[in-house]
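Structure first, then comments.
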């Protein structure tokens, strides 16, 4: 039987495995929103869709989700720094690519594209004409940026997996 070996070992290996899990979990959350949550919300009357998304945006800030989302950003930063310091013989490109994809394509896009839209939506009264007029734009733009986050998080996961093999 052939022995399974990894290019990375020790504590660095553990960091990257946790990075795989964290970025993969975030990719899964974003995938759910891109594939069915936003479609379901968009099918509701605007006042109901706005109210539901406002509630989701408030409850998303739970410690559990923030630990995974923010913790993955911190972990990706640590992996990038350790990679620069150690500069391993193999997996360097994959590790730096994975970190960059998550930090810029997932975390960064969230901060510059999705959060401002969430903040704008939160300021609206769901039953108003203003909310009803903004809702289709919000759904279209927010979902488009969420697709970017989903792909970036998934690609970061794959890059980390490739670095391990």
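Residue numbers (our numbering): 117 to 281.
Note that the Cβ used here is the ideal one computed from N, Cα and C, for glycine as well.
Quick caveat: nothing in here was measured; it's all calculated off a predicted structure.
* Asked: With DSSP run on the structure shown, which of helix, strand or coil describes residue 280?
  -> helix
* Asked: Which residues bound the alpha helix (DSSP H) around residue 228?
  -> Going by DSSP, residue 228 is part of no alpha helix (DSSP H) at all; its letter is neither H nor E.
* To do: Helix, strand or coil for residue 167, going by three-state DSSP, please let me know.
  => helix
* To do: Under 8 Å Cβ to Cβ from residue 198, same chain only, skipping five residues before and after it: list those, please.
  => 128 and 131
* To do: Could you spell out where the alpha helix (DSSP H) holding residue 153 opens and where it closes?
  => Element bounds for residue 153: n/a, residue is neither H nor E.
* **residue 195 burial status per 10 Å Cβ neighbour count (16 or more: buried)** => Classification for residue 195: buried.
* Reduced DSSP secondary structure (H/G/I, E/B, other) of residue 261 -> helix
* Is the segment 140-150 touching the segment 262-271 in the sense that three or more CB pairs, one from each, lie closer than 8 Å? -> yes
* Do residue 191 and residue 138 have their C-beta atoms closer together than 8 Å? -> yes
* **Candidates 157, 165, 155 and 148: closest to residue 247 by CA position** => 165
* Report all residues from its chain with a CB closer than 8 Å to the CB of residue 210; omit the five preceding and five following residues, and keep chain order. => So the qualifying residues of the chain are 275, 276, 278 and 279.
* Asked: Mind checking residue 154: buried by the 16 CB within 10 Å criterion, or exposed?
  -> buried
* Asked: Looking only at C-alpha atoms, which of 140, 136, 161 and 189 sits nearest to residue 249?
  -> 161
* Asked: Going by the CB atoms, is the gap between residue 189 and residue 149 shorter than 8 Å?
  -> no
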